[in-house]
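In our numbering, the protein residues as written are 23 to 76.
As structure tokens, then:
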């Protein structure tokens with residue numbers, strides 16, 4: 023099933039990828055909030071990405 027928005031067609035893969043990215047951003051915000059509450063030094067989501075990957 024495709025979604026049509028102003029003459030642009032998004033297929034199911036596009037919609038799924040968008041939802042995955044949105045959920046990943048939500049998780050990063052949650053992790054960042056936890057890190058801040060625990061006293062970790064976090065200045066941006068880039069810091070959160072770095073800390074998760076290391």
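Virtual Cβ for every residue (Gly too), placed ideally from N, Cα, C.
Considering Cα atoms alone, identify which of the options is closest to residue i.
i, options, result
"residue 71", "38, 42, 47", "47"
Just the Cα atoms here: how many angstroms apart are residue i and residue j?
i, j, result
"residue 39", "residue 59", "30 Å"
"residue 51", "residue 44", "11 Å"
"residue 75", "residue 36", "26 Å"
"residue 68", "residue 42", "18 Å"
I'd like to know if residue i contacts chain C, where contact means its C-beta is closer than 9 Å to some C-beta of that chain.
i, result
"residue 38", "Absent here is chain C; the protein component of the structure consists of one chain."
Beta carbon of residue i: closer than 8 Å to some heavy atom of the ligand MN?
i, result
"residue 56", "Annotation note on the ligand MN: not contained in the displayed structure, which lists no ligands."
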